[in-house]
Amino acid sequence: MSVQYNSPVILTFFLLSLGVLFLGQYTGGWTTTHLFSVYRSSLKDPLFYIRLFGHVLGHGSWDHFLNNMLLLLVVGPPMEEKYGSLPLLKGILLTALISGILQCALFPRTALLGASGIVFMLIMLASLSGFSGGIPVTMLLVAALYLGQQIYDIIFARDNVANFMHIVGGVCGTVFGYVNAGPRRKRRK
Numbered sequence: 000m001s002v003q004y005n006s007p008v009i010l011t012f013f014l015l016s017l018g019v020l021f022l023g024q025y026t027g028g029w030t031t032t033h034l035f036s037v038y039r040s041s042l043k044d045p046l047f048y049i050r051l052f053g054h055v056l057g058h059g060s061w062d063h064f065l066n067n068m069l070l071l072l073v074v075g076p077p078m079e080e081k082y083g084s085l086p087l088l089k090g091i092l093l094t095a096l097i098s099g100i101l102q103c104a105l106f107p108r109t110a111l112l113g114a115s116g117i118v119f120m121l122i123m124l125a126s127l128s129g130f131s132g133g134i135p136v137t138m139l140l141v142a143a144l145y146l147g148q149q150i151y152d153i154i155f156a157r158d159n160v161a162n163f164m165h166i167v168g169g170v171c172g173t174v175f176g177y178v179n180a181g182p183r184r185k186r187r188k
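If you read the sequence shown in numbering that gives the first Met the number 0, its first letter stands for residue 0, the second for the next number, and so on.
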């Protein structure tokens, strides 16, 4: 029996995030703040463009990292198998970019880091499994529960969680699923 690198995008994302966490600890948080958190800064700063994508690799603590990575490693590989590595990578990059831009535009005084937007993108994508043209009830239930929890947390929880960006990730996953389901159905016929 051999060990397989069965999900290259998801496993590489995990390893990069782990490396970024170790690097952040080694640099006393400097790299986490300056390379792997997105916040409003000058468009002339070349690091700003790295942060627009790199913020999804940064995590503030081991708990933050583990909570995101456990879900990523459970939900991600089946989605990579279903949609393919390159389309999934494009979905991850687009979700990172959209959430980074929205963070800078809507929350200019706070920084964003972590893979939870990507995780919620994958969760909504997984809820579309078996999509064949109609709106899947599983997707409606996941969306209602997920959206309800995020809205509740926005209103009542006073934590340091970027619930709005979770919603953005979920919307990205839903759009990604619907956009990529059409061409896959046509190819099967």
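From the three backbone atoms N, C-alpha and C, an ideal C-beta is built for every residue, glycine too. Quantities reported herein were computed from a predicted structural model and do not represent experimental measurements.
- Contact annotation: Leu112 and Gly57 have beta-carbon atoms nearer than 8 angstroms.
- Residue environment analysis places Ser41 among the exposed positions, since fewer than 16 neighbouring C-beta atoms fall within 10 angstroms of its C-beta.
- Inter-segment contact for the region 118-132 and the region 174-181 is present: three or more beta-carbon pairs are separated by less than 8 angstroms.
- Its Cα nearest to that of Asn66, the residue Gly116 stands out among Leu88, Gly53, Trp29 and Gly116.
- Bounds of the alpha helix (DSSP H) holding Gln24 are Pro7 to Tyr25.
- As the crow flies, the alpha-carbon of Leu88 is around 13 angstroms from that of Lys81.
- Annotated as proximal: Thr94 and Met120, with beta-carbon spacing under 8 angstroms.
- A buried status is given to Ile91, since no fewer than 16 other beta-carbon atoms sit within 10 Å of its beta-carbon.
- Take Met164, set aside five residues on each side of it, and the residues of its chain with a beta-carbon closer than 8 angstroms to its own are Ser98, Leu101, Gln102, Leu111, Ser115 and Gly116, in chain order.
- Exclusion of the five residues before and after Leu144 leaves no residue of its chain whose Cβ lies closer than 6 angstroms to its Cβ.
- For His33, the closest alpha carbon among the candidates Leu10, Phe13, Gly59 and Tyr151 is that of Gly59.
- For Ile166, the CB contacts under 6 angstroms within the same chain, skipping 5 residues up- and downstream, are Gln149 in chain order.
- The alpha-carbon of Ser36 is positioned some 15 angstroms away from that of Phe21.
- Under a 10 Å Cβ-count criterion, Val141 is classified as buried, with 16 or more other Cβ atoms of the shown protein chains found around its own Cβ.
- Residue pairing by DSSP places Val37 opposite Leu111 in a beta bridge.
- One alpha carbon belongs to Asn162, the other to Gly169, and they sit about 11 angstroms apart.
- In the assembly as shown, Thr11 is an exposed residue. Its beta-carbon has fewer than 16 other beta-carbons within 10 Å.
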